[in-house]
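2 protein chains.
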Amino acid sequence: MKILVDAMGGDNAPLCVLQGAADAVREFGDGMELVLLGQADVIEKTAKENNISLDGMEVIDCREVVSMHDDPVKAARHKTDSSLVRGLTMLKNGEGDAFVSAGSTGALHVGASLIVRTVKGVKRPALATPMPGLAQNYLLLDCGANVECRATTLNAFAVMGSVYAKKVMGRPDPAVALVNNGAEDTKGTPIYREAHGLMRENPVIRFVGNIEPRDIPAGNVDVVVCDGFVGNVVLKLTEGVAKSLLGMLKDVFMHSIVTKLCYLGVKGGLKGIKHKMDSEEVGGAPLLGTAKPVIKAHGSSKAKGIKNAIRQARICVEEDLCGTMSAALAELETADTTMKKGVEA
Amino acid sequence: MKILVDAMGGDNAPLCVLQGAADAVREFGDGMELVLLGQADVIEKTAKENNISLDGMEVIDCREVVSMHDDPVKAARHKTDSSLVRGLTMLKNGEGDAFVSAGSTGALHVGASLIVRTVKGVKRPALATPMPGLAQNYLLLDCGANVECRATTLNAFAVMGSVYAKKVMGRPDPAVALVNNGAEDTKGTPIYREAHGLMRENPVIRFVGNIEPRDIPAGNVDVVVCDGFVGNVVLKLTEGVAKSLLGMLKDVFMHSIVTKLCYLGVKGGLKGIKHKMDSEEVGGAPLLGTAKPVIKAHGSSKAKGIKNAIRQARICVEEDLCGTMSAALAELETADTTMKKGVEA
């Protein structure tokens with residue numbers, strides 16, 4: 001198996017990407033070959049200066065870099081000698097089995113759609129994010145790639161999220177819920193009401209109904225479905241509230257000598273909370289619905305984040321994520337056609 | 001000034017309502033008369049058993065009760081002898097200056113629209129909620145009363161929220177922001193992009209642009225505008241994430257004797273955080289755009305929540321909230337017409 005890694009993407013590239021790649025090779029490198037894409041001279045210099053071994057990794061020289069300020073569509077179309085576009089093109093051509101990048105989400109999303117293409121039944125890939133939950137992590141999709149969605153699109157997200165939860169997150173029978181402003185079937189906008197109906201009849205998933213936003217962080221379901229506008233709110237507000245509360249907590253502990261001593265007593269436990277909320281632990285965000293696996297690592301990923309994204313990519317390949325997803329969507333389409341025929345008959 | 005209070009609404013009615021009303025009379029009762037609506041025998045019995053003085057309060061006997069399980073529209077139309085409908089009717093007829101209820105949000109919203117009616121330019125009242133922010137509280141609207149909104153409606157929310165922040169929350173020059181999935185003007189759905197344009201040209205508010213969800217909890221703006229679906233997510237997810245994190249924190253402190261001792265050292269500070277996140281402190285949720293002030297206290301309000309909601313109602317009356325709002329909306333309409341004429345000319 002060959003995993004393509006964008007060495008120039010992310011706030012801490014290329015250093016942390018190289019560290020993460022080296023760690024991945026050391027920890028789970030058996031039967032896996034890594035290909036690093038980026039400015040070869042910079043990559044080799046950084047590796048040398050930091051004593052990072054690139055043994056067994058191929059480096060493919062690309063001269064252009066896609067920055068966070070580039071227009072996603074223009075970058076995906078015209079920066080053909082960038083690590084991002086070259087990586088996606090190699091993936092498409094079968095010169096690699098999965099692509100990992102911590103670069104611009106927009107450019108990766110557009111590039112994946114244009115170059116790698118999507119499986120049948122999916123117009124634009126969904127951006128899914130594994131989120132920290134109290135009981136266990138859950139997969140949230142869409143997180144902002146598709147701000148407006150039709151009911152059928154939300155239903156397809158449910159299938160794609162369910163397959164990912166099963167294959168990559170190791171949930172044998174994932175519970176799928178739809179974000180809504182109430183538990184009742186009648187809640188929400190017309191699109192959400194229609195999506196609720198479609199998901200209830202969907203034979204490919206285990207739909208557990210609407211989930212109210214206050215219950216999302218508990219982590220009692222495996223997949224949480226919503227449009228990209230709402231998903232972006234869930235993703236970023238979770239981060240914002242946690243940051244705000246941990247900030248208040250810091251003030252409490254910094255208050256006096258006594259409270260500082262108390263901090264020492266619970267330091268380990270507090271680190272556990274931070275660890276639980278840490279996006280690097282939770283993993284990279286897969287683009288779901290692409291014809292081949294594409295994993296978006298967090299833009300601020302350190303070595304650990306990159307390593308975990310490579311691990312996810314590896315599992316996606318091993319479990320034939322895209323093939324399974326394609327089969328599940330085809331099954332849904334067949335069921336829909338049968339149902340419609342039944343109604344018409 | 002006469003404030004009408006629904007004595008039967010909320011999880012802790014009538015006891016906590018009576019306590020809150022008595023506290024309000026004691027603390028800021030000068031020039032304010034309270035009218036309690038509800039089953040007179042129950043009210044009087046509860047007051048007697050709990051040594052609550054109803055001195056100076058009028059009790060109006062209503063036999064029906066609107067429960068959380070009632071269909072809002074049916075309740076608002078047909079339960080004419082309920083405290084909720086009687087209160088709104090008295091408000092409409094000038095037999096009171098404001099109405100406070102901790103009862104069903106849906107029934108209050110429908111009832112206010114049908115009975116009290118809205119000011120010119122508003123089709124349905126918005127449900128606004130004062131939310132805890134790190135720097136200071138902010139007003140969030142709409143919180144779920146209007147799940148689908150046009151751009152002009154979002155723009156009207158901006159005006160209404162701004163007037164409330166100025167008049168009731170004491171912010172002399174409120175900063176108004178629009179929830180969106182990015183800071184740039186071009187972000188969001190077509191409706192949010194259009195709303196952004198309208199708000200930027202709106203002469204009645206100080207629009208500070210889009211706010212990303214991760215920045216909302218910081219509390220650096222005074223008014224946060226979005227549709228009711230998104231607002232419901234912001235409201236309830238804030239609650240959910242806080243609950244989840246405080247739960248993790250509790251586990252950390254309960255871990256051993258040492259951590260329990262540490263808890264004692266920071267107990268005061270932690271209470272401060274809880275206090276800051278407490279909806280009862282932050283206050284009731286005004287229905288904005290009604291012809292007369294209607295305040296929804298939190299369903300689980302204790303005495304303090306009711307007292308604070310009565311205080312808000314008092315300020316709304318003193319500051320002529322509804323009159324000011326009506327004038328501001330009229331000013332917006334004039335500006336719009338002038339602008340359109342300018343474009344056409």
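Here the protein sequences line up with chains A and B, keeping their order. Each residue of the first sequence is one higher than the last, beginning at 1 in full-length UniProt numbering. Each residue of the second sequence is one higher than the last, beginning at 1 in full-length UniProt numbering. Built from N, CA and C at the ideal position, the CB exists for glycine as well.
{"Item": "B/Phe-157 touches chain A at which residues, Cβ-Cβ below 9 angstroms?", "Value": "By Cβ distance, chain A contributes nothing, its closest Cβ being about 17 angstroms from B/Phe-157, past 9 angstroms."}
{"Item": "I want to see whether chain A comes within less than 7 angstroms of B/Ala-345, judged by CB atoms only; does it?", "Value": "Note that B/Ala-345 scores 47 on pLDDT, short of 50, meaning its location in the model is unreliable and no value can be drawn from it."}
{"Item": "Closer than 7 angstroms by beta-carbon distance: list the chain B residues that pair up with A/Cys-262, in chain order.", "Value": "Cys-262, Gly-265, Val-266"}
{"Item": "May I ask you to list the residues that DSSP assigns as paired with A/Ala-22?", "Value": "For A/Ala-22, which the question treats as bridged, DSSP gives no partner whatsoever."}
{"Item": "Hey, is B/Pro-125's beta-carbon within less than 7 angstroms of any beta-carbon in chain A?", "Value": "no"}
{"Item": "How is the beta strand (DSSP E) around B/Val-179 delimited, first residue to last?", "Value": "175-179"}
{"Item": "Between the region 207-216 of chain A and the region 107-115 of chain A, do at least 3 Cβ pairs fall closer than 8 angstroms?", "Value": "no"}
{"Item": "Let's test the definition: count the other Cβ atoms within 10 Å of the Cβ of A/Thr-80 and tell me whether it reaches 16, buried, or not, exposed.", "Value": "exposed"}
{"Item": "Against chain B, which members of the region 208-224 of chain A pass a CB distance test of less than 7 angstroms?", "Value": "Glu-212, Pro-213, Arg-214, Asp-215, Ile-216, Pro-217, Ala-218"}
{"Item": "Out of B/Leu-245, B/Ala-327, B/Asp-336, B/Thr-338, which one is the CA nearest neighbour of B/Val-163?", "Value": "B/Ala-327"}
{"Item": "For B/Ala-299, tell me which candidate among B/Ile-3, B/Cys-16, B/Asn-232 has the shortest Cα-Cα distance.", "Value": "Checking the sequence shown, residue 299 of chain B turns out to be Gly, not Ala. Taking only the C-alpha atoms, the option nearest B/Gly-299 is B/Cys-16."}
{"Item": "Among A/Gly-209, A/Arg-117, A/Val-159, A/His-255, which one has its Cα closest to the Cα of A/Asp-183?", "Value": "Residue identity check: residue 183 of chain A is Ala in the sequence provided, not Asp. The shortest C-alpha separation from A/Ala-183 is found at A/Gly-209."}
{"Item": "List, in order along the chain, the chain A residues whose C-beta lies closer than 7 angstroms to that of B/Leu-108?", "Value": "Near B/Leu-108 there are no residues of chain A at all, since even the closest Cβ is about 16 angstroms away, more than 7 angstroms."}
{"Item": "Taking 7 angstroms as the CB-CB cut-off, is A/Glu-33 touching chain B?", "Value": "no"}
{"Item": "By how many angstroms is the C-alpha of B/Arg-150 removed from the C-alpha of B/Thr-338?", "Value": "21 angstroms"}
{"Item": "Got a sec: is the Cβ-Cβ distance from B/Leu-134 to anything in chain A below 7 angstroms?", "Value": "yes"}
{"Item": "Would you verify that the beta carbon of A/Val-282 is, or is not, closer than 7 angstroms to some beta carbon of chain B?", "Value": "no"}
{"Item": "I'd like to know if B/Asp-11 contacts chain A, where contact means its C-beta is closer than 7 angstroms to some C-beta of that chain.", "Value": "no"}
{"Item": "Rounded to whole angstroms, what's the CA-CA distance from B/Leu-329 to B/Asp-320? Just pull it up for me.", "Value": "14 angstroms"}
{"Item": "Beta-carbon separation of B/Gly-219 and B/Gly-96 under 7 angstroms?", "Value": "no"}
{"Item": "Between the alpha carbons of B/Ala-242 and A/Gln-136, how many angstroms are there, rounded?", "Value": "17 angstroms"}
{"Item": "Near A/Ala-345, what residues of its chain come up, given a Cβ to Cβ distance below 7 angstroms and the 5 sequence neighbours on each side ignored?", "Value": "Per-residue confidence for A/Ala-345 stands at a pLDDT of 47, beneath the threshold of 50, marking its modelled position as unreliable; no derived number is given."}
{"Item": "As a quick exercise: from B/Gly-269, B/Arg-171, B/Ala-291, B/Asn-232, pick the residue whose alpha carbon is nearest that of B/Leu-127.", "Value": "B/Asn-232"}
{"Item": "Around the C-beta of B/Ile-115, are 16 or more other C-beta atoms found within 10 angstroms, so that it is buried, or is it exposed?", "Value": "buried"}
{"Item": "So residue 346 of chain A contacts chain B; which residues on that side make the cut at Cβ distance below 7 angstroms?", "Value": "The question about residue 346 of chain A has no answer here: the residues shown for chain A are numbered 1 through 345."}
{"Item": "List, from N- to C-terminal side, the beta strand (DSSP E) runs of 3 residues or more that fit wholly inside the region 234-318 of chain A.", "Value": "285-288, 294-296"}
{"Item": "Using 8 angstroms for Cβ pairs, my map puts A/Ala-75 next to A/Ile-310. What's the rounded Cβ distance?", "Value": "Not a contact, Cβ separation roughly 23 angstroms."}
{"Item": "Grab me the residues of A/Phe-253's own chain with a C-beta within less than 8 angstroms of its C-beta, minus the 5 sequence neighbours each way, in chain order.", "Value": "Thr-259, Lys-260, Cys-262, Tyr-263"}
{"Item": "Span of the beta strand (DSSP E) holding B/Pro-14?", "Value": "Element bounds for B/Pro-14: n/a, residue is neither H nor E."}
{"Item": "Whole angstroms are fine: how far does the CA of B/Pro-14 sit from the CA of B/Val-25?", "Value": "16 angstroms"}
{"Item": "If you drop the 5 nearest sequence neighbours on each side, which residues of the same chain put their C-beta closer than 8 angstroms to that of A/Ile-43?", "Value": "Ala-7, Pro-14, Leu-18, Leu-36, Leu-54, Val-59"}
{"Item": "Do A/Gly-289 and A/Gln-312 count as a contact pair if the criterion is CB distance below 7 angstroms?", "Value": "no"}
{"Item": "Under the DSSP definition of a beta bridge, which residues are partnered with A/Thr-223?", "Value": "Looking at the sequence provided, one finds Val at residue 223 of chain A rather than Thr. Bridge partners of A/Val-223: A/Leu-139, A/Val-176."}
{"Item": "Between the beta-carbon of B/Ala-177 and the beta-carbon of B/Ile-211, is there less than 7 angstroms?", "Value": "yes"}
{"Item": "B/Arg-206 bridges to which residues according to DSSP?", "Value": "B/Ala-175"}
{"Item": "Please report whether the beta-carbon of B/Val-73 lies at a distance below 7 angstroms from any beta-carbon of chain A.", "Value": "no"}
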